[in-house]
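According to the numbering used here, the sequence shown is numbered sequentially starting from 1.
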Amino acid sequence: MMQNGMPSNQPLTEKSSEDSNEPMEKPNNLTEDSNNNNNNNPDEGFNRLAKLLMSCAQSPRNAEPVSSEASIQDPERNKLPTGKRHPTSVNKPGQRRARQPGNQMDPLEFSWTFWVTDTSKDWNEAIERIFDFSTAQDFWRLFNFLVPPSVRCKLSYNLFKQGIRPEWEDPANASGGRWGIVSPLSGKNADTVWMELCMLCVGGFELDSLSSYINGIYLTWKRDLSRISIWLNTTERDVVMCVGETIQKYLQEHMKRKYALEFTECKSARGRKSILYSIN
């Protein structure tokens, strides 16, 4: 439990376990610019995503990119990531901002990039940068377009702060770790947890100043079960435990269920891994 904003003296568990659901290892000959598409045109990213989604479907479903005009005019696409709560201002981190009238966009505290990884392909062709956004409206523009992750189990969905790639080798990830949900998730349960965690991290309301330690949210599949984790840029105990307890409390409130979490450092991500902290 939290006491005065800091974690309690909860015993830490250290153990080792096998993890076959780690991000694929990047080959040495892959440059940093590989598959780093110019994403200045959002509709181009949506077109690539539509093709990728349909290529992974046995029965392709028709999908048209959402226009920027529609994302502004449709009230359902103007909802903020945290529902009735407002994300912190990009200009004044830590302060709540009032909703702007008309077509005024609601800036988020951080800019984000959505990536898709096709786990059936070689690494050089697997990872693709799809869409960058920095407003609440464009967050919903993306998520209203996406099919639920469980519908396309060949794809890993990755939402990371802009400038950070969803791989352990990225310098922003190298000295950090991840909070992972212990139990694999399936179907609509995986879809809902993924969505809730994206709203938690992007909206930033519950995390408040802890938002600066969040790098991204990673969802991958093995058969029909998903693994979902939130990546951090630090392994400092006090910070990590505060973030973990916030995640657990948030999921318990919105999912009506308590999820056990384990924190693993990035440098031990492959093969056998050491679990630094756990919350049951």
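Yeah, the Cβ is synthetic: ideal placement off N, Cα and C, and Gly gets one too. Keep in mind that this is a model prediction, so the values were computed, not measured.
- One Cα belongs to Lys121, the other to Thr220, and the distance between them is close to 14 Å.
- Glu265 and Ile279 have their C-alpha atoms roughly 15 Å apart.
- Here Trp115 is not near Pro171, since their CB atoms are 9 Å or more apart.
- Comparing C-alpha distances from Phe145 to each of Leu185, Ile130, Ile228 shows the shortest one belongs to Ile130.
- Listed in chain order, the beta strand (DSSP E) elements of length 3 or more contained wholly in the region 137-177 are 155-161.
- Checking the DSSP bridge columns, you'll see Tyr218 partnered with Asn158, Ser229.
- The beta carbon of Gly180 sits closer than 6 Å to the beta carbons of Ser229, Glu262 from its chain, once the five residues preceding and following it are set aside; these are given in chain order.
- Short of 6 Å from the beta carbon of Phe110, and not among the five residues preceding or following it, lie these beta carbons of its own chain, in chain order: Lys161.
- When the five nearest sequence neighbours on each side are left out, no beta carbon in the same chain lies closer than 6 Å to the beta carbon of Lys249.
- A Cβ-Cβ contact shorter than 9 Å links Asn158 with Tyr218.
- For Arg237, the uninterrupted alpha helix (DSSP H) segment begins and ends at 237-255.
- At a Cβ-Cβ threshold of 9 Å, Thr235 and Gly176 count as neighbours.
- Here Ala190 is buried, its C-beta having at least 16 other C-beta atoms within 10 Å.
- By the 16-neighbour rule on beta-carbons within 10 angstroms, Arg257 is exposed.
- Between the alpha carbons of Val151 and Phe143 lies a gap of roughly 14 Å.
- Taking the CA atoms as reference points, Glu196 sits about 24 Å from Arg237.
- Minimum Cα-Cα distance from Leu200 among the listed residues Lys154, Gly244, Leu276, Pro148 corresponds to Gly244.
- In this structure, DSSP gives Glu206 a state outside helix and strand, which the three-state scheme calls coil.
- Relative to Leu251, the option among Asp224, Thr192, Ser211 whose CA is nearest is Thr192.
- Residue environment for Arg223: exposed (fewer than 16 other C-beta atoms within 10 angstroms of its C-beta).
- Beta-bridge partners of Phe131 (DSSP): Phe114.
- Ser183 is bridged by DSSP to nothing; it lacks a bridge partner.
- Nearest C-alpha to Ser134 among Ser156, Gly163, Glu169: Gly163.
- Following the DSSP letters along the chain, one finds Thr264 inside the beta strand (DSSP E) bounded by residues 261-265.
- Per the DSSP secondary-structure output, Tyr277 pairs in a beta bridge with Phe263.
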